[in-house]
Amino acid sequence: MGYRSLETKIEKWKVLSSHIGRRSFASNFYGKIPTSLLMQATGHSSEQMFLRYINPVDKERILSLSTYFDKVYTERNIRNSHYNFL
Numbered sequence: 105m106g107y108r109s110l111e112t113k114i115e116k117w118k119v120l121s122s123h124i125g126r127r128s129f130a131s132n133f134y135g136k137i138p139t140s141l142l143m144q145a146t147g148h149s150s151e152q153m154f155l156r157y158i159n160p161v162d163k164e165r166i167l168s169l170s171t172y173f174d175k176v177y178t179e180r181n182i183r184n185s186h187y188n189f190l
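Residue 105 is where the sequence shown starts when you use the numbering used here, and the numbers rise one by one after that.
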């Protein structure tokens, strides 16, 4: 018996959970916020479990992405601040 893939459209809100948000938060801010604070926010009692949770296999990728978002955020704020003076 063969298997076929089935493409289904599902509303995003039906498949996202608070767990996804929690893990994304921890992964996105890893390396930017002290690990102990992230552990408190996510409820992890040991760093070993926290690191397994966020799976920082590619730490450089995570830090590069975080740096990029900081740059975009800063540039946007600088650009928007010019409008306040006009």
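Even for Gly, the Cβ is constructed at its ideal location relative to N, Cα and C.
Considering Thr146, what are the terminal residues of the alpha helix (DSSP H) in which it resides? Thr139 to Thr146
What residue does the alpha helix (DSSP H) around Ser131 start on, and which one ends it? Ser122 to Phe133
Should the stretch 146-157 be called in touch with the stretch 167-186, which here means at least 3 C-beta pairs below 8 Å? no
State the Cα-Cα distance for the pair Ser128 and Arg108, rounded to the nearest angstrom. 31 Å
Would you mind sorting Ile166 into buried or exposed? The rule is 16 or more other CB atoms within 10 Å of its CB. buried
Where Lys175 and Val119 are concerned, what is the direct C-alpha to C-alpha distance, given to the nearest angstrom? 31 Å
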